[in-house]
């Protein structure tokens, strides 16, 4: 079994750092203290869904992504690919990558 608070905290920290936000910057945007955000990132506090939704919005990710736990290395890689595609935010790029993947899979099967 996993600790959902630790998982959520690790995900918040990871996405915060990817956005080059300091603990202070994110906590200020949320209207909470830096120490409270630190507790959240360490999995030592349980936040409300509203705060989780605010965090996700500021970090530019869907709220459910902050709660996900990869089961293995494959799923971790899949989540990372998903994040890259979400961050592209351009349907042309995503469509192109889908076509490349489909072509690769056809070649692989021959």
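In the working numbering, the protein residues as written are 137 to 246. Just so you know, even glycine gets a beta-carbon here, dropped at the ideal spot from N, CA and C.
Query raised in the report: Is it right to say residue 183 is buried, meaning 16 or more other beta carbons lie within 10 angstroms of its own, or is it exposed?
Result: Start at 1 with the first residue of the chain shown, and residue 183 comes out as number 47. Residue 183 is buried by the Cβ-count criterion.
Query raised in the report: Cα-Cα, which of 223, 172, 201, 246 is closest to residue 181?
Result: For the purposes of this step, residue 181 is taken as the residue at position 45 of the chain shown. Ranking 223, 172, 201, 246 by Cα distance to residue 181 puts 172 first.
Query raised in the report: Got a sec, what are the start and stop residues for the alpha helix (DSSP H) residue 161 sits in?
Result: Position 25 of the chain shown, counted from the start, is the residue given in the question as residue 161. That run of the alpha helix (DSSP H) goes 159 to 166.
Requested in this report: Using three-state DSSP, classify residue 238 as helix, strand or coil.
Outcome: Counting from 1 along the chain shown, the entry for residue 238 is found at position 102. Reduced to three states, the DSSP call for residue 238 is helix.
**Report entry** Simplified DSSP assignment, three categories, for residue 156
**Finding:** Along the chain shown, one-based indexing puts residue 156 at 20. Note: residue 156 maps to coil in three-state DSSP.
Requested in this report: Measure the CB-CB distance between residue 195 and residue 243 and report whether it falls below 9 angstroms.
Outcome: Within the chain shown, residue 195 is the residue found at index 59, counting from 1. Within the chain shown, residue 243 is the residue found at index 107, counting from 1. No; because the gap between Cβ atoms is not below 9 angstroms, this pair is not in contact.
Query raised in the report: Grouping DSSP H, G and I as helix and E and B as strand, with all else coil, what is residue 137?
Result: Here residue 137 corresponds to residue number 1 of the chain shown, with the count starting at 1. A caution first: residue 137 carries a pLDDT of 45, below 50, which makes its placement in the model unreliable, though a value can still be read off. Looking at residue 137 - three-state DSSP - the assignment turns out to be coil, as it is neither helix nor strand.
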